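There are 4 protein chains.
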Amino acid sequence: MKPIRLGMVGGGNDAFIGGVHRIASRIDGSFELVAGALSSTEEKSKASGEALGLAPDRCYGSFTEMAKREARLKDGIEAVAIVTPNHVHFPAAREFLKRGIHVICDKPLTSTLADAKKLVAAAEKSDAQFILTHNYTGYPMVRQARAMVAEGALGKIRVVQAEYPQDWLTTPMEGEGLKQAEWRTDPARSGAGGCVGDIGTHAYNLAGFVTGLTLESLAADLTSFVEGRQLDDNVHVMLRYAGGAKGMLWSSQVAPGNENGLKLRVYGEKGGLEWSQEDPNYLWYTPFGEPKQLLTRNGAGANAGNQAASRIPPGHPEGYLEGFANIYNEAADVITAARTGAVPEHLLPTVHDGLDGVTFIDACVRSSARNAAWVKV
Amino acid sequence: MKPIRLGMVGGGNDAFIGGVHRIASRIDGSFELVAGALSSTEEKSKASGEALGLAPDRCYGSFTEMAKREARLKDGIEAVAIVTPNHVHFPAAREFLKRGIHVICDKPLTSTLADAKKLVAAAEKSDAQFILTHNYTGYPMVRQARAMVAEGALGKIRVVQAEYPQDWLTTPMEGEGLKQAEWRTDPARSGAGGCVGDIGTHAYNLAGFVTGLTLESLAADLTSFVEGRQLDDNVHVMLRYAGGAKGMLWSSQVAPGNENGLKLRVYGEKGGLEWSQEDPNYLWYTPFGEPKQLLTRNGAGANAGNQAASRIPPGHPEGYLEGFANIYNEAADVITAARTGAVPEHLLPTVHDGLDGVTFIDACVRSSARNAAWVKV
Amino acid sequence: MKPIRLGMVGGGNDAFIGGVHRIASRIDGSFELVAGALSSTEEKSKASGEALGLAPDRCYGSFTEMAKREARLKDGIEAVAIVTPNHVHFPAAREFLKRGIHVICDKPLTSTLADAKKLVAAAEKSDAQFILTHNYTGYPMVRQARAMVAEGALGKIRVVQAEYPQDWLTTPMEGEGLKQAEWRTDPARSGAGGCVGDIGTHAYNLAGFVTGLTLESLAADLTSFVEGRQLDDNVHVMLRYAGGAKGMLWSSQVAPGNENGLKLRVYGEKGGLEWSQEDPNYLWYTPFGEPKQLLTRNGAGANAGNQAASRIPPGHPEGYLEGFANIYNEAADVITAARTGAVPEHLLPTVHDGLDGVTFIDACVRSSARNAAWVKV
Amino acid sequence: MKPIRLGMVGGGNDAFIGGVHRIASRIDGSFELVAGALSSTEEKSKASGEALGLAPDRCYGSFTEMAKREARLKDGIEAVAIVTPNHVHFPAAREFLKRGIHVICDKPLTSTLADAKKLVAAAEKSDAQFILTHNYTGYPMVRQARAMVAEGALGKIRVVQAEYPQDWLTTPMEGEGLKQAEWRTDPARSGAGGCVGDIGTHAYNLAGFVTGLTLESLAADLTSFVEGRQLDDNVHVMLRYAGGAKGMLWSSQVAPGNENGLKLRVYGEKGGLEWSQEDPNYLWYTPFGEPKQLLTRNGAGANAGNQAASRIPPGHPEGYLEGFANIYNEAADVITAARTGAVPEHLLPTVHDGLDGVTFIDACVRSSARNAAWVKV
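As you go down the protein sequences, you meet chains A, B, C and D in turn.
In terms of the working numbering, the first sequence is residues 510 to 886.
In terms of the working numbering, the second sequence is residues 510 to 886.
In terms of the working numbering, the third sequence is residues 510 to 886.
In terms of the working numbering, the fourth sequence is residues 510 to 886.
Rendered as structure tokens:
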């Protein structure tokens, strides 16, 4: 199979997530990066592109220029990865969608709920695919967990405990020239949610992916602990799902000792599951009244979803990049299938998942502004 | 030193916590059990007492009878352990306090807030000591944690995450003749809180013990997942402490795979701490920007409180019974000191901690009844 | 049941293991300490005894004097705990055995193989029971493991990996006035084995207890890493068992970061087991081709041996002292039964296990002296 | 930088390690696979090559044909990855080395000691680089560990404990058509060592890489537990290093519950280190007398080697493929530098490390044949 020709918006020299997307797109050989609007000026974009081996004439100063020209090229990009700060997701995605170029977009979907709704409309109008990189859903054990819940291994779900603590914003890093901190704490670029948008939404998405539950209402207490910070850096949420399940969600960027502590625990009438992103090759399964089981990636007890998302035998750990690459890999399947019109069923996060995430962020911000009152979503 | 003469109310043949109190009182040889109102009838009490080696004439059919007679004996009990269901704590404690007999009472303090207040008054009027067995505060690593926070190792506290999941009430055990389940799910004996009173209050107490923070308000979402259960079996609470710290508390008795998962995580401006009851000989200390440290009981880095609460060298684990015995041991010191009038400073949970706990339970129940609205405590 | 009247040889104020024996004898209320030859002079013995509440006239200056007088007392001791340095075990035990007083003796059995054989003879001649405190066999999960192997859950055993690393002798502590280090590194008091006798023998005993295998030959490489140390402080052994199983054993007192890292892993044709003393409430069971199972003390999947050795529900950890107390508790059963002549089957380590251990130490020392050649045991 | 043109010998459709090499070569974009002798016939090779997007005329039926033709092509391969069973390593590598094509070769170096020596000679005569994929040395925490030992953080090394247990050969898989099992248990293809050559050599190499110690002698007890198996499936070795350090090494393929349990523990006069391949983002550092430290990949306390080998921030786990890719990445640097003649210092395993490994295997086999006698290496 020929690799899919990929462009990238954002991801210049100083960026973090762009490099992750590039590795993820490369691991399984399904994509080839051929163009980019990597930075905000043509000059910087060319400099970044050169280091990546891009042809200079395919390094653009803006996503609009890139979308226009690539759409006309015979060998123009088939898909674009959007890896900018949040507020650029919507305008950039719109440009490519309307030209039939598939979009792989970082989360959260947009920086405002209004933009999110417009982007859903744009995606629905387009023939192109829209894929959101809620990358944690690509981990093999997460796939295993989802299937186990769907098959009823846990019985009816009662309790969801989701958390995502970090510590890198414990001090006011945004005032010390760290770009990653600057835009994430800036409402103009991040949107109204800080920590809740950056990582709370990952925890929320993961809980929904695994359990299949639909959120009905929430009460959120957002805090900015670091003096002068404009956005929340700690998030406490109580959740009520349709059907009666209840949940709690904690995300924080000021919890010293936590690197990327995304963790999900789900309990039903018949059993429980526990998964931790920092040790992603394990999944605890605790059927009520029986010994605890430690399932492993591609190991004894692995189901089809676990195996399909694994490259190598058990005991040789796969990590974050492989999980991310699973999203890209499945995106490649979908995009390839779309060439002939028939998009297969898949587990990729869609634009609707993106809207769901932005709705969650918006509800958290609204609730918190009303003294953490319960709000419907 | 001669062992303190101890009586016991409750703790007959079918009970659980009575046996724990007896072992705890025996480990360090500071108490000798000599009398008991172990069951609700004299006959049963004598049967239970015989198995424990008590003299038949010191096995009583009621705590009132026991209080009256023992107070008159020359070698009557100096202290009593009250290990009954919650609703008996207050009337029993009152009888002994008014006769100057020291009371060691299981938690929660009482089954109602009104009783709790009366008991505080009774304790304040009495010359006898009142000690509440919030036993988890006796663990060496908990003592270490408290001292570290007090000394500023974490800086100002921002975030508290407390949890206590269990799974033993996942199914309606109270309908299957399990006494431990019966009274815990019965409002008449437990009070208005189920899970929140039984174990949520432990998590709340532990958080306060370690951080020294004072709760200002909370929002609680209590649920009874098991059909027909009268009291909550799952508890979600958001906390706001004086001074700006925020917290979350989860306790559950329907989370399969959890035995006694009491866990506390505390984060401040300078570092974090994490402790888990099921692996109590360890304490994670995570100074911001430095490698994580795993402190051990009586091991390298142990402070005075850790060492004082330890019996044996590091690596030979001490457990729940030793932690419980630390409460008894310290109680013995206090009681012995009280003989001469000068009660030393100590870390034992008091009647005021008990009132604080019942206030917490009451606030949770009130909040939950108002759709998890914020309530002051 | 009336507690058994217990005496103690050794265990004065500076000692470590004496205090452990006392707590262990007290936890379940089956023994009462009433006499002691706690130190090497009557004066010191009385001082130590006073702190323990012993009557002054039952604090002796020598074990011989104690044995003679207590044997004549109407309420003399029924059993004696010998908790001295190794070289005293034999002469002390002999005195009590020949007077029909039951002996509970610390390990290793003796400081020489010759003494061990004599002690076996003395025990066989006596009506009294002889119990060796290889205390790690008292842990509930160790009991579970032994039963699982016996029932064939692992199939035929192939591989045994036993280890017991510590770090407290990393530096020459014996030169700094630490009594525990002094006698343990002194051949006259310890015997010819240092680390191998002190803790290697525990690992060896545990492997045999769980697997039921009989050692045939070994090759041992003993090292004294600390300059000037007379006895080994690091032990490497390869093992060959009857029936074809092979093993390795590592014990060390110079491995920084290890407190009491006793660990056993056993693998058979059908599955494996793994247990670690520092986290004793867990046992990994790994049936080949199936998910790993984490069994817990008194939890789901606990067998009869596990339950019988547990005092409290799962998730409330029991530790070293409870495991030690299980030995005392079972010893009490045996001693009580012996009053009427019928000693029940039990799992207590016997004088023969003690001889087996001293034979192991002796073989290690002989092998190492011959450049770690294979020697028969 | 233009990717290095890479060929591959072995790695056809049924193979395991070939796919790993391909991903590793692709992750950082430093190589492009352009040719292959992927299988033993041209037809199969073309079929495998097509799936990988290779041009049909660059899919060869033998490595000799490939070496000859690619050496003449203007855009022929610059480097070749040899990923065949062991016995092919030597003849294949020789062909490419003598044509100046760089070789990246799987371990062990060869299937016989004689071949290993010839290959060293061939590599020394060639201008091309020879790189052995002892891939575990590419993990960031392994790099950290090596540097810490070199800088003296542990003081003089005393004890090394290395192990690599697996369980996949617990039953006679080689008789059930599993190719991976077939050649690994066949002396003609594997060499005289089975488990010891396949994974024991990894553990041995890792110990040497981290500690810098030189082995002097060993005593090895190799066993074939599975009936009918020609090569060892369980390996016990005692090690003596120059300078007095001692070690033990266990590798097994019949230890149920172990997937790829490579683990290294090193203890010196001042501290210890512990690393486990299955959880590779952590490294325990235990300075004597201080709290244990848990170092993380690219996290607080990461040294230069750790950081250089990391792609993404701490807490997002990197795994086996990234560690493997670090070898490829560093190989690319060396190969690129070799274009201009100046090969920089590097940490890549060389042909001499390969000879060292085969010497270890040979010594283990010789020792075991002489009843596990000590042999010099």
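Ideal placement from N, C-alpha and C gives every residue a C-beta, glycine not left out.
These numbers were taken from a predicted model, which means no experiment stands behind them.
### Query
Going by Cα to Cα distance, which pick from Glu633(D), Gly609(D), Thr720(D), Pro681(D) is closest to Gln653(D)?
Start at 1 with the first residue of the fourth sequence, and residue 653(D) comes out as number 144. Per the Cα distances, Thr720(D).
| Nearest-angstrom Cβ-Cβ length linking Ser534(B) and Gly545(B), presumed shorter than 8 Å | For the purposes of this step, residue 534(B) is taken as residue 25 along the second sequence, with counting starting at 1. For the purposes of this step, residue 545(B) is taken as residue 36 along the second sequence, with counting starting at 1. Wrong, their Cβ atoms sit about 12 Å apart, outside the cutoff.
With the cut-off set at 9 Å, would you say Ala564(A) and Phe605(A) are in Cβ contact? Taking the first sequence and counting its residues from 1, the one referred to as residue 564(A) is at position 55. Taking the first sequence and counting its residues from 1, the one referred to as residue 605(A) is at position 96. No, they are not a contact pair.
Whose Cβ in chain C lies nearer than 8 Å to the Cβ of Ile532(B)? Translated into the one-based positions of the second sequence, residue 532(B) becomes position 23. Going along chain C in sequence order, the residues near Ile532(B) (Cβ under 8 Å) are Ile536, Asp537, Arg820.
Rounding to the nearest angstrom, what Cα-Cα distance links Gly494(D) and Gly737(D) in this structure? Examination of residue 494(D) is not possible in this model, given that chain D is present from 510 through 886 alone.
(Q) Taking the beta carbon of Asn835(C) as the centre, do at least 16 other beta carbons fall within 10 Å, making it buried, or is it exposed? (A) Taking the third sequence and counting its residues from 1, one reaches residue 835(C) at position 326. Flag for Asn835(C) reads buried.
Exercise. Report the partner residues of Lys540(A) according to the DSSP bridge assignment.
Key: On the first sequence, residue 540(A) is found 31 positions in, with the first residue counted as 1. According to the sequence displayed, residue 540(A) carries Phe and not Lys. Paired residue(s): Ile513(A).
Practice task
Using alpha carbons as the reference points, say which of Ala729(D), Ala659(D), Gly521(D), Leu618(D) lies closest to His643(D).
Solution key: The residue given as residue 643(D) occupies position 134 in the fourth sequence. Taking only the C-alpha atoms, the option nearest His643(D) is Leu618(D).
Who are the neighbours of Tyr829(B) on chain C, taking C-beta pairs under 8 Å? The residue you call residue 829(B) lines up with position 320 of the second sequence. Result: Ile821, His825, Pro826, Glu827.
**Asked** Taking C-alpha atoms, which residue in Ala690(D), Glu683(D), Pro512(D), Val886(D) lies nearest to Ile870(D)?
**Response** Counting from 1 along the fourth sequence, the entry for residue 870(D) is found at position 361. That would be Val886(D), whose Cα lies nearest to the Cα of Ile870(D).
Distance between Gln670(C) and Leu727(C) (C-alpha atoms, nearest Å)
Along the third sequence, one-based indexing puts residue 727(C) at 218. Along the third sequence, one-based indexing puts residue 670(C) at 161. The alpha-carbon atoms of Leu727(C) and Gln670(C) are separated by roughly 14 Å.
Looking at C-alpha atoms only, which residue of Ala601(C), Val543(C), Val597(C), Glu559(C) is the closest neighbour of Leu582(C)? Taking the third sequence and counting its residues from 1, the one referred to as residue 582(C) is at position 73. The option with the nearest alpha carbon to Leu582(C) is Val543(C).
Could you tell me the boundaries of the alpha helix (DSSP H) in which Ala846(B) lies?
Residue numbering aside, residue 846(B) sits at position 337 when the second sequence is read from its first letter. Element bounds for Ala846(B): 829 to 848.
_N-terminal and C-terminal residue of the beta strand (DSSP E) that Trp883(B) is part of_ = Taking the second sequence and counting its residues from 1, one reaches residue 883(B) at position 374. Looking at the DSSP string, the run of the beta strand (DSSP E) that includes Trp883(B) is 883 to 885.
Using a beta-carbon distance below 9 Å, is Asp788(A) in contact with chain D? One-based indexing of the first sequence puts residue 788(A) at position 279. By this cut-off, Asp788(A) is an interface position.
For a cutoff of 9 Å on Cβ pairs, would you count Val874(D) as touching chain C? Numbered from its first residue, the fourth sequence carries residue 874(D) at position 365. Cβ-Cβ to chain C under 9 Å: no for Val874(D).
- Measuring CB to CB, does Lys626(D) end up less than 9 Å from Leu830(D)? Position 117 of the fourth sequence, counted from the first residue, corresponds to residue 626(D). Position 321 of the fourth sequence, counted from the first residue, corresponds to residue 830(D). The answer is no: Cβ separation not under 9 Å.
task = Could you check the C-alpha separation between Val592(C) and Ser760(C) for me, to the nearest Å?
result = The sequence position of residue 592(C) within the third sequence is 83, counting from 1. The sequence position of residue 760(C) within the third sequence is 251, counting from 1. Rounded to whole angstroms, Val592(C) to Ser760(C) spans 22 Å at the Cα level.
Inset, instruction - Using three-state DSSP, classify Thr710(D) as helix, strand or coil. - result: Along the fourth sequence, one-based indexing puts residue 710(D) at 201. Thr710(D) falls in the helix class under three-state DSSP.
* Asked: Sorted by chain position, which residues of the same chain lie with C-beta nearer than 8 Å to Phe525(B)'s C-beta, five sequence neighbours on each side aside?
  -> In the second sequence, the residue the question calls residue 525(B) occupies position 16. Same-chain partners within the cutoff: Gln689.
Checklist entry - Helix or strand or just coil, what does DSSP make of Trp677(C)? => result By one-based count along the third sequence, residue 677(C) stands at place 168. Note: Trp677(C) maps to coil in three-state DSSP.
Starting from the Cα of Lys772(B), find the closest Cα among Tyr713(B), Leu856(B), Glu854(B) and give me that residue.
Here residue 772(B) corresponds to residue number 263 of the second sequence, with the count starting at 1. Measuring from the Cα of Lys772(B), the nearest candidate turns out to be Tyr713(B).
* Give the residues from the stretch 725 to 759 of chain D that approach chain C closer than 7 Å (Cβ to any Cβ), ordered along the chain. => Ala728, Asp730, Thr732, Phe734, Asn743, His745, Met747, Lys755, Met757, Trp759
(Q) Taking 9 Å as the threshold (beta carbon to beta carbon), is Phe869(A) in contact with chain B? (A) Residue 869(A) sits at position 360 when you count from the first residue of the first sequence. Not an interface residue.
Inset, instruction - Have a look at the DSSP bridge pairing and note the partners of Asn743(C). - result: Position 234 of the third sequence, counted from the first residue, corresponds to residue 743(C). In the DSSP output, where bridge partners are listed per residue, Asn743(C) has Thr732(C), Ser761(C).
Checklist line | Residue-chain proximity (Val886(C), chain B), Cβ-Cβ < 9 Å | finding: Stepping through the third sequence from its first residue, residue 886(C) is reached at position 377. No, because no Cβ of chain B sits closer than 9 Å to the Cβ of Val886(C).
Practice item. Leaving out five residues on either side along the sequence, give the residues of the same chain with a beta carbon under 7 Å from the beta carbon of Ser785(C). Key: By one-based count along the third sequence, residue 785(C) stands at place 276. Lys772.
Q) Is it the case that the Cβ atoms of Thr795(A) and Glu783(A) are separated by a distance below 9 Å? A) Stepping through the first sequence from its first residue, residue 795(A) is reached at position 286. Stepping through the first sequence from its first residue, residue 783(A) is reached at position 274. Contact flag set, yes.
**Prompt:** Using a Cβ-Cβ cut-off of 6 Å (strictly less than) and excluding sequence neighbours within five positions of Ser819(C), which residues of its own chain qualify?
**Reply:** Position 310 of the third sequence, counted from the first residue, corresponds to residue 819(C). Once the five neighbours on either side are set aside, the close Cβ partners of Ser819(C) are Pro649, Arg806, Asn807.
field: Chain-ordered neighbours of Arg693(A) on chain G, where CB pairs are closer than 7 Å
entry: Among the protein chains of the structure shown, namely A, B, C and D, there is no chain G.
* Within-9 Å CB hit, Leu622(A) to chain D -> In the first sequence, residue 622(A) corresponds to position 113, counting from 1. No, no contact with chain D.
Exercise. Can a CB atom of chain A be found closer than 9 Å to the CB of Thr710(C)?
Worked result: In the third sequence, counting from the first residue as 1, residue 710(C) sits at position 201. No, Thr710(C) does not count as interfacial toward chain A.
* Under a three-way DSSP split, which group does Val612(B) fall into? -> Translated into positions along the second sequence, residue 612(B) becomes position 103. Three-state result, Val612(B): strand.
Practice task
Hey, could you find the ends of the alpha helix (DSSP H) Phe639(B) is sitting in?
Solution key: As a position in the second sequence, residue 639(B) is number 130, starting the count at 1. Taken as a continuous stretch (DSSP letters only), Phe639(B) belongs to no alpha helix (DSSP H), being part of the beta strand (DSSP E) at 639 to 641.
| task | Taking only the alpha-carbon atoms, compute the straight-line gap between Tyr776(C) and Gly824(C) and give it to the nearest angstrom. | result | For the purposes of this step, residue 776(C) is taken as residue 267 along the third sequence, with counting starting at 1. For the purposes of this step, residue 824(C) is taken as residue 315 along the third sequence, with counting starting at 1. C-alpha separation (whole angstroms): 27 Å.
Expected contact under 8 Å - CB spacing of Thr694(B) and Glu685(B) to nearest Å | To locate residue 694(B), count along the second sequence from 1; it is residue 185. To locate residue 685(B), count along the second sequence from 1; it is residue 176. Their Cβ separation, rounded to whole angstroms, is 12 Å, which puts Thr694(B) and Glu685(B) out of contact at 8 Å.
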